[in-house]
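Chains as they are written, first to last, in our numbering: chain A, 21 to 440; chain B, 4 to 175. Cβ atoms here follow ideal geometry from the backbone N, Cα and C, with glycine treated the same way. It should be emphasised that the depicted structure is a prediction, and the values quoted were computed from it without experimental measurement. Right, one structure below, let's go through it.
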Amino acid sequence: MNTVLILLPLVLTILFSLATVPILVWMERRIAALIQDRLGPNRCHINGIRLGGIIQSVADMMKLVFKEEFLPSHIKNKFYYLVAPSLAFMSAFLTFMVIPYADNITINEKTYYMQALPTDLGVLWFLAFAGLGVYGIILGGWASHNKYAMLGSMRATAQVIGYEVAMGLSLVSMLITYGTISLNEMVTYQSQSFFIIPAWGIVIQPIATIIFIITAFAETNRAPFDAAEGESEIVAGYHTEYGAMKFGLYFVAEYIAMAASGALIVTIFLGGYQLPYLNTNDLINNFELVLWLIIAFAAVTSIIFFKWMKKHNIFEMPGLDEKKVYATLIIGFTAFAIVVMSYYALGFSEGSSVGVMILQFAIFTVKLFFLHFVFIWVRWTLPRFRYDQTQKLGWNILLPLSLVNIFITAIVVVGVNYGS
Amino acid sequence: MGVKVVERHGNTFKEKLYLPAIFSGMRSTLKHFTKNLSDASNIPTICYPEEKPTDITPRYRGVHRLTHRKEDDSIACVACFMCATACPANCIEIVATPREDGIDEKMPAIFNIDLLECVFCGYCVEACPCDAIRMDSGIYSVIGELREDFIYNKAKLLSIKGISKEEYSLGK
């Protein structure tokens with residue numbers, strides 16, 4: 021049990037970052053298609069099972085892994101050229117390590133943190149590695165010995181430096197508000213209610229939220245701030261000279277960075293793993309009621325999903341009948357979950373806290389995927405900013421705005437603390 | 004001379020804030036997303052191999068065909084090399100031979116079109132003085148497994164039928 025609980029956050033980190041990449045690629049393509057009145061990937065299948073097209077992004081990943089590796093002969097610093105994509109990938113991956121997936125759980129009077137790295141300095145770790153990610157890009161652009169790659173990486177670097185400042189300052193105002201630097205305590209703070217609205221970061225600090233979301237888009241080089249790439253003016257950007265899995269690492273790094281920023285936005289501004297009005301103790305004490313609500317929710321969503329499938333899954337594929345397979349899987353999984361949940365609720369002494377932990381993972385996942393949806397949704401709505409526009413926005417608008425925000429926050433916090 | 008003064012946009016505070024415009028843009032894309040997610044049947048894409056396009060115009064340049072003479076159904080081509088000369092991709096190969104049956108002086112012994120080289124510009128059709136080569140076959144998908152499958156010879160080109168305007172709109 022000890023080892024399981026200690027390894028669980030690590031496994032979750034790998035799942036949330038690496039294993040979701042095919043799903044994110046699929047989301048990107050499917051949401052793009054639906055926004056643009058198209059259908060998106062729907063043909064690739066394994067014996068009739070298409071998973072709505074996810075099989076195609078899995079096939080894409082396999083293709084990237086098995087492609088031939090080759091080094092362009094003009095590259096002099098082969099070490100830096102090869103180390104650059106892994107640097108981008110590793111820093112994106114390490115950013116994820118400090119995100120709390122659930123509340124601290126106490127079993128047999130021992131407390132376990134649901135963070136891969138149980139540290140209180142989560143925000144600083146995030147800022148450090150989010151900033152380090154751009155080293156992979158600038159190193160790759162420099163080591164490629166290619167003008168276009170160099171230009172792309174310079175644009176990315178200038179942009180990241182510009183936005184790092186505003187991001188750090190908007191975080192400072194959040195640190196002042198919460199009065200703590202530990203991510204877990206920030207989430208605990210957000211489980212309170214503020215009059216009748218939940219005290220989520222987005223409610224108590226809307227300006228810092230907007231600044232942080234904008235800078236998170238810029239830090240991860242996502243549209244509309246993807247100046248590092250530019251098909252029309254700099255060929256492909258910093259990864260012009262990279263092929264096969266070296267390109268794949270950059271590609272995956274972008275998605276992991278997006279997932280990590282999304283996770284931090286969820287943690288700091290959207291209440292983390294908390295439901296509004298319900299803190300962890302409430303959930304643990306009323307766990308049986310919560311279980312019934314979950315079962316009802318699962319039943320309703322499955323019925324809606326089945327109806328949707330019946331209407332939209334109309335392609336006849338050779339092989340298995342997809343609809344029947346999904347129905348069996350969902351019914352089987354729901355039944356299994358109900359059995360496990362009731363076993364824990366009745367038999368196991370710490371069952372309710374384990375159940376609440378699982379529920380909190382689920383809440384976190386739902387919020388994170390909502391954030392992914394927002395990232396993709398923005399990408400297919402807004403056109404790319406021109407380079408000077410990004411610089412102007414970062415230095416002339418976001419930086420002063422975040423400073424003013426810190427000033428106001430400090431006054432309010434001091435006034436509240438010493439006034440009462 | 005009337006000078007039309009165009010009003011400059013983007014100077015009010017609301018427009019300079021950008022966020023309202025961004026949110027209205029996101030609302031409109033979300034509307035498309037939810038509409039298509041809840042009802043995919045109105046999406047105008049066609050699922051190509053099963054559904055065929057229905058809007059091909061009669062002027063569409065499909066695979067070439069060689070026409071037949073009205074009188075005796077023999078080949079209309081007189082092997083004048085005009086099409087091969089006009090071809091910018093050099094994809095037409097003609098070997099001429101004297102015509103023994105007295106209908107005309109020459110005819111092609113070999114007439115090959117390499118569809119992998121062809122750019123479907125239609126110059127050959129324009130150049131032909133005898134209306135012997137046409138691109139009105141309506142065939143828009145050419146499929147093969149070998150490079151040789153794409154070299155259409157005289158017999159194959161003669162066997163392709165032209166389709167009528169009505170058949171075009173049906174997307175045959």
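If you compare the alpha carbons of M47/A, Y297/A, N425/A with that of Q212/A, the shortest gap goes to Y297/A.
Around the beta carbon of W220/A, 16 or more other beta carbons sit within 10 angstroms, so the residue counts as buried.
A24/B is the residue among A24/B, V6/B, C80/B, M138/B whose C-alpha sits nearest the C-alpha of G13/B. P42/A is classed as buried because its beta carbon has at least 16 other beta carbons within 10 Å across all chains shown. Contact annotation, C80/B with E120/B: C-beta distance approximately 19 Å; criterion of less than 8 Å not satisfied.
Between the stretch 270-288 of chain A and the stretch 422-438 of chain A there are fewer than three inter-stretch CB-CB distances shorter than 8 Å, so the stretches are not counted as touching.
Listed by position along chain A, the residues whose Cβ is nearer than 7 Å to that of L40/B are L54.
Here V424/A carries a helix assignment [DSSP, helix/strand/coil].
Among the residues of the stretch 124-156 of chain B, none has a Cβ less than 7 Å away from any Cβ of chain A.
Ranked by how close their Cα comes to the Cα of T229/A, the residues L421/A, T33/A, R399/A have L421/A in first place. In the DSSP annotation of this structure, the continuous segment of the alpha helix (DSSP H) that includes E184/A starts and ends at 167-198. Within the stretch 369-401 of chain A, contact with chain B at the beta-carbon level (separation under 8 Å) is assigned to W397, V398, W400, T401. Judged by their CB atoms, A130/B and P111/B are not nearer to each other than the 9 Å cut-off.
Pairing A43/B with L59/A gives a Cβ-Cβ distance under 9 Å.
Considering only beta carbons, the part of the stretch 327-349 of chain A lying closer than 7 Å to chain B consists of H332, in chain order. By the CB criterion at 9 Å, V180/A and G153/A fall inside the cutoff.
Counting along the chain, no beta strand (DSSP E) covers D302/A; the unbroken alpha helix (DSSP H) around it starts and ends at 300-305. Taking the C-beta atoms as reference points, F381/A is found no nearer than 9 Å to Y133/A.
Here the C-alpha atom of L189/A lies approximately 30 Å from the C-alpha atom of L38/A.
Chain A has a Cβ within less than 9 Å of the Cβ of G28/B.
Neighbours of L33/B in chain A, taken as residues whose beta carbon is under 9 Å from its own, are I55, W397, T401 in chain order. Residues of chain A whose Cβ lies closer than 9 Å to the Cβ of T48/B are, in chain order, A53, D57, R58, L59.
Excluding the 5 residues flanking it on each side, R242/A has same chain C-beta neighbours closer than 8 Å at E274, M278, F395, V398, R399, in chain order. At a cut-off of 9 Å between C-beta atoms, I222/A does not count as an interface residue with respect to chain B. In this chain, T60/B is not harboured by any alpha helix (DSSP H), its DSSP state being neither H nor E.
Spanning the alpha carbons of I426/A and R50/A requires a straight line of approximately 40 Å. Within the model, the alpha-carbon separation for L203/A versus V386/A is close to 19 Å.
The beta carbons of P56/B and D57/A sit no closer together than 9 Å. Secondary structure of T131/A (DSSP, three-state): strand. When C-alpha distances from H392/A are compared across S106/A, A280/A, E129/A, T33/A, the shortest belongs to A280/A. Within chain A, the residues I51, L54, I55 have their CB atoms less than 7 Å from the CB of F36/B, given in chain order. Within the same chain, V81 come within 7 Å of D107/B by CB-CB distance, once the 5 residues on both sides are set aside.
DSSP lists R68/B as the beta-bridge partner residues of R137/B.
Distance from V185/A to L419/A at the Cβ level is roughly 6 Å; contact confirmed, criterion being Cβ atoms closer than 8 Å. When only Cα atoms are considered, M170/A and L27/A end up about 40 Å apart.
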